[in-house]
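See below for the structure under consideration.
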Amino acid sequence: MSSPAAIAERAHKLREQINYHNYRYYVLDNPEIPDAEFDRLFRELQALEAEHPEIISPDSPTQRVGGQPLEGFAQVRHRVPMLSIRTETDIESSGAYNFDARIRRELKLKEDDPPIEYACELKFDGLAISLRYEHGVLVQAATRGDGETGEDVTQNVRTIHCIPLRLKGNEPPAVLEVRGEAYMSRPDFERYNEKQRESGGTPLVNPRNGAAGSIRQLDPAMAAQRPLSFYAYGLGEVAGWAIPASHYAVLDALSDLGMPVSHERAVVQGPQGLVQFHDDIGRRRDSLPFDIDGVVYKVNSLELQARLGFVSREPRWAVAHKFPAQEELTVVEAIEVQVGRTGALTPVARLKPVFVGGVTVSNATLHNQDEIDRLDVREGDTVIVRRAGDVIPEVVSVIKDRRLHTDAPRFEMLKRYPVCPVCGSHVARQEGEAAIRCTGGLYCPAQRKQALLHFASRRAMDIEGLGEKLVDQLVDTGIVRTPADLYKLGIAKVASLERMAEKSASNLLAAIEKSKHTTLARFIFALGIRNVGEATAKDIAAHFGNLDALMNADETAFVEVPDVGPIVAQSITQFFAEPHNREVVEQLRAAGVNWQDAVPRRKPLGALADKTFVLTGTLPSMSRDEAKEKIEAAGGKVVGSVSKKTDYVVAGAEAGSKLSKAQELGVTILDEDALLLLLRPEVQGRLDF
Ligand code: D41
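Numbering (the working numbering), first residue to last: 230 to 918.
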């Protein structure tokens, strides 16, 4: 048994290591060791502390979540008040210029005096928190409250992993109050909501509510379930610490003490610099991993800050420049559906137009019936709409108190739209799927364009030159309704289209003509049956051998097809149950689309039967698609990722991670020459590499 001194030393060492790796993981976002290794250190410390409870200290990393649920929060009086920040309501850049002009006036600067230096930072959209460290140890965390008195939320704040329980460095300040914003990152928000939905719980409305809800939890164990982060942006009471001379340097110093400080900050000169920062962040707003509602400008020199002072709890030296709100209230005037390009009926809320996220929004997606049920949104409801960046506007929640028509019925898609509003085909909801879909397939105009593009695509019928613009024109003019119509096109019709010269028209017709000679697998794939991708089409073609056998198969006939499950089987039988689809197929055959039927077979034959290949990099003389065709013609299978089950990796120039994975796993690696050798009939795949 170790001596008490040795045990204490080991615990100390472990805490140092854990704190260090915790910092790398949660603050620097740059872990040095795998999670499993971290867990091992953590468990060793836990075990040690369990056996020797006398060595547990409150700042031990094992003690983040502890303590009993509270009855309520105690009040905390801020020894240095938490001021608030003035918000510049002026839109455009005038806000920055007004702010700078005000500062220069207050400081009695002349026009030819040098520009003021500003520290620019983000305005995080969370909850303002004050952290109190005494001799380097976190002793208290409080909300802002009214600025004078807040609430003691220490237990909950301790669960925020990026907040150090002990500051870095050997000579900690006697007292250091750090002010900043606790927030929920978007990935944490998404993960939390995903879990809630899975377990039937209530998802959070937005990350801000998530942060507030977590901090206001009376039970710290519950708070720990809602992961938050923190960024420091200022100081409260300080004793026994030399405060740097500028705001930017203060943040650097806090960072050195182990506090999380955002990298998205800058020192700029004069109002042009402010505008530049504002615009730069505005452009990147949506790609940040957390919500912000604007930027903050602060006079960088603390001496100038002191000279400027504050009015009615707002410092004169700081201002928040807000971005357009991403959430607003409006009214749902109607709920309608749109038929998407894949046939999914998407419910859409028609909104009373509202300015949100920088544009006027009059429609918002409601995604699907599940989402409508979750929100319980009805016509006439007042809702919160959100639009972030280029994302489609969505309804976040319903303000139930403001429901005007209390008798408004629930919106049920299948009741309102038993058939497709575009083509009148039946609509169906597949088990386990959220979407309700039009079964019209190639017949439905809303799906026709997408279906035609898919039909003509390289791996399907391979009609070169039939791109999006052309398909739009062909469908919009009514010249083409189904893929079969493509084969009825004449030169005059095609040449009459916009931007269609005689030459390109005849090229297109030649490509269409050429596509008539195809394979059964390509033809099946080209039909665009849901859940039938290229590989499935090949399996099905090989199994049935001819189209009639497939068209007449019932769901049980698919049991023996390798890699085909009940969902695919159902998609196929449903597709061929629609008379419109059968008709298009017949027309295509009548137009001369043909292929070689094959003898139905159960298993791939050929030299490379059952062998699995992965292709990576650029091969010298053939494309990856060509290589794939050759391998499959010999009975081999080409898959996307390397595993222990992979037989060969064919690597060309600039092969990347797949090649290294193959080397790691000891999978045989072939270059193009070796592949061609393997494919030679006399070799028959029997080569020792
Ligand atoms: O990111 C923020 N939300 C933020 C808030 C920030 N970056 N800086 C801030 N600076 C201050 C002063 C200038 C008073 C030190 C603030 C806030 N205050 C603040 N947030 C809520 C109340 C006050």
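For every residue, glycine included, the Cβ atom is placed at its ideal position computed from N, Cα and C.
- When the Cα atoms are used, GLU784 and ALA798 turn out to be separated by approximately 5 Å.
- Secondary structure remark: continuous alpha helix (DSSP H) runs of at least 4 residues inside the region 723-755, in chain order: 731-744 and 749-755.
- In the DSSP assignment, GLU350 forms a beta bridge with VAL525.
- By the beta-carbon neighbour count (other beta carbons within 10 angstroms, threshold 16), HIS307 is buried.
- Judged by beta-carbon spacing, ALA750 lies within the 8 Å limit of ALA766, meaning their Cβ atoms are closer than that value.
- Within the same chain, and ignoring the five residues on either side of HIS634 in sequence, the residues whose Cβ sits closer than 7 Å to its Cβ are GLY609.
- Shown here, ALA411 sits in a strand according to DSSP, grouped into three states.
- Contact between the region 420-440 and the region 499-506 is absent: fewer than 3 CB-CB pairs across the two stretches fall below 8 Å.
- Comparing C-alpha distances from GLU623 to each of ARG645, ILE601, ALA617 and ALA593 shows the shortest one belongs to ALA593.
- Each residue's CA atom was taken as its position, placing SER231 and ALA461 some 41 Å apart.
- Here ILE860 is buried. Its C-beta has 16 or more other C-beta atoms within 10 Å.
- Excluding residues up to 5 positions away in sequence, VAL878, ALA880 and ALA891 lie with their Cβ nearer than 6 Å to the Cβ of ILE898 in the same chain.
- Cβ contact annotation for LEU396 (same chain, cutoff 6 Å, sequence separation greater than five): TYR362, GLY365, LEU486 and GLY487, in chain order.
- GLU693 and CYS667 have their alpha carbons spaced roughly 29 Å apart.
- Residue burial is scored here from C-beta neighbours: ARG728 has fewer than 16 other C-beta atoms within 10 angstroms and is therefore classed as exposed.
- By the criterion of a C-beta distance shorter than 6 Å, ALA755 is surrounded in its chain by PHE684, ALA689 and MET690, once the five residues flanking it on both sides are discounted.
- The DSSP-derived three-state label of LYS551 is strand.
- In its own chain, leaving out the 5 sequence neighbours on each side, no residue places its CB closer than 6 Å to the CB of ALA903.
- Looking only at PHE552, ALA680, LEU776 and VAL588, the smallest Cα-Cα distance to ARG512 is reached by PHE552.
- Residue state for VAL568 is assigned as strand, using DSSP reduced to three classes.
- Contact between the region 812-827 and the region 711-724 is established, with three or more Cβ pairs separated by less than 8 Å.
- Rounded to the nearest angstrom, the gap between the Cα atoms of PHE787 and PHE271 is 51 Å.
- Assigned with DSSP and collapsed to three states, PHE519 falls in coil, not helix or strand.
- By the criterion of a C-beta distance shorter than 6 Å, ALA348 is surrounded in its chain by HIS476, TYR477, VAL496, LYS527 and ASN529, once the five residues flanking it on both sides are discounted.
- In the DSSP assignment, ALA303 falls outside any beta strand (DSSP E) and carries neither an H nor an E.
- For GLY463, the distance from the CB to the nearest heavy atom of the ligand D41 is below 7 Å.
- Nearest neighbour of GLY670 by Cα position, chosen from CYS649, GLN659 and GLU901, turns out to be CYS649.
- Of the residues ILE247, ILE741, SER800 and LEU447, the one whose Cα lies closest to the Cα of ASN823 is ILE741.
- Residue environment analysis places GLY865 among the buried positions, since at least 16 neighbouring C-beta atoms fall within 10 angstroms of its C-beta.
- Closest option to ILE510, judged by alpha-carbon separation, among PRO808, LEU351, GLU789 and ARG603: LEU351.
- In this structure, ARG373 has its beta carbon less than 7 Å from a heavy atom of the ligand D41.
- Taking a contact as a CB-CB distance under 8 Å, the pair SER458 and ARG408 does not count as one, their CB atoms being some 15 Å apart.
- Counting along the chain, no alpha helix (DSSP H) covers GLU493, and no H or E run does either.
- Secondary-structure assignment with DSSP links THR847 through a beta bridge to ALA882.
- Rounded to the nearest angstrom, the gap between the Cα atoms of GLN369 and LEU356 is 16 Å.
- Distance between PRO436 and ARG514, taken at the CA atoms: about 15 Å.
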